[in-house]
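Quick note: the sequence shown uses the UniProt record's numbering, first residue 1, plus one each step.
Think of the CB as a built atom: it goes at the ideal place given N, C-alpha and C, for glycine as much as any other residue.
Just so you know, these numbers come straight off a predicted model, no measurement behind them.
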Amino acid sequence: MARRMPPIDDTRQDRWVLSYADFITLLLAFFIVMYAISSVNEEKYRSISDALSGVFEGSGRPAGATTQDAASDLAIGNAVRPDAPAIEIDPADAAVTAQLRSLQAELQRRFSPQIEAGSMKIDGNDLWLSIELRASRLFGSADALPEIEADALLGKIAELLRGLENPIHVEGFTDNQPIATDLYPSNWELSAARAAAVVRILALNGVSPQRMAAVGYGEYQPAYSNRTAEGRGMNRRVLIVVSRDKRVRRAVSSFGSQQISTDTVSELLDAEQAPPLPAIEQLETENGGVLFRRAEVQPDAQR
């Protein structure tokens, strides 16, 4: 009887050599990287490091720049606005301001019954004049279709406005009660439609449409508390705002006449006249540093 041969073991006894070879390869790569790092140009590395530190730490002194250069150049990240020359702001036109005051007095005199009844409010300053009207006296509930009384009242207001050249914008507001109809999916549409309706009536009564605009603020600028029915009724309002000029109207309509003060508007007007900051240009120094400084204005650009 033949003896059975044991099965042949194909498992190689030297498989550890593969892992060892991989380890040696990685170790060789590690030493190559270490050698490459040690041979970096130290002077150039320090120049780049100083330049980056000057930019991000706000020191304002890039690499390779002298003390005099650092004083005259502007580094990005310094966040220091260069000194600008004093700006002379022209005072408000006395005639226009007097005209606004005269209009305010005439409105208060002519509509004193409505003011006493609380359905109208007149406010004014040297920059703009506002006529606040209760929406309940102009429109039906959740509607922007003017009532007959609205046509008569706005017609009387238009008699005092159509002889002026001041820009006018109408602001529409609502309370915080939600609305969802086919015509007005939200209070945005309702407030804008009411403001546009007032603009249309004023235009039909002789006020130049070229100097009018309509703005809707929805429920997001309440002047009174929405916690009571009385407060919500007062928040449903329309304001006719007569501005001194177009620049004032742009500033006032951006925030709402009841949300911005005359000081804030004056600051915005002053900022429009401030000279722009000079451009920043990037230069490379001889030793590899990076220099940021104000670009020189060409003579042609100053004219």
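So what does DSSP say about residue i, is it helix, strand or coil?
i: PHE173; result: coil
i: SER186; result: coil
i: GLU147; result: coil
i: GLU116; result: helix
i: GLU132; result: strand
i: ALA95; result: helix
i: ASP123; result: strand
i: LEU283; result: strand
i: ALA213; result: strand
i: PHE30; result: helix
i: SER243; result: strand
i: VAL238; result: strand
i: ILE168; result: strand
i: PHE139; result: strand
i: VAL207; result: coil
i: GLU230; result: helix
i: PHE56; result: Any reading at PHE56 must be qualified, since the residue scores a pLDDT of 48, below 50, and its modelled position is unreliable; the value itself is stated next. Residue state, collapsed to three classes: helix.
i: SER253; result: helix
i: THR181; result: coil
i: SER19; result: helix
Do residue i and residue j have their CB atoms nearer than 8 Å?
i: ALA144; j: ALA197; result: yes
i: ALA251; j: GLY216; result: no
i: GLY140; j: VAL238; result: no
i: ILE168; j: VAL96; result: no
i: LEU127; j: LEU202; result: no
i: ALA142; j: VAL170; result: no
i: GLN104; j: ILE122; result: yes
Between which residues of its own chain and residue i is the CB-CB distance below 7 Å, once the five residues before and five after are set aside?
i: ASN226; result: ASP175, ASN176, ARG232 and ASN235
i: ALA195; result: VAL170, GLU171, GLY172, ALA214, VAL215, GLY216 and VAL238
Measure the beta-carbon distance from residue i to residue j and round it to whole angstroms, keeping in mind my assumption that it falls under 8 Å.
i: LEU161; j: VAL207; result: 5 Å
i: GLU132; j: LEU138; result: Not a contact, Cβ separation roughly 12 Å.
i: ARG101; j: GLY124; result: 7 Å
i: ASN205; j: ALA158; result: 3 Å
i: GLY218; j: TRP188; result: 4 Å
For the ligand SAH, is there a heavy atom less than 7 Å away from the beta-carbon of residue i?
i: GLU286; result: This structure simply doesn't include the ligand SAH, nor any ligand for that matter.
Kindly list the residues whose CB is nearer than 8 Å to the CB of residue i, restricted to its own chain and excluding five residues on each side of it in sequence; keep chain order.
i: ALA180; result: SER186
i: ALA223; result: PHE173, MET234, ASN235, ARG237 and GLN258
i: LYS156; result: ARG110 and PHE111
Only counting the same chain, and skipping five residues up and downstream in sequence, which positions put a Cβ closer than 6 Å to that of residue i?
i: GLU165; result: none
i: MET212; result: ILE168 and VAL199
i: ASP90; result: Confidence is the limiting factor: at ASP90 the pLDDT is only 48, short of 50, which leaves the residue's position unreliable, though a coordinate-based value still follows. Same-chain partners within the cutoff: there are none.
i: PRO209; result: ALA203
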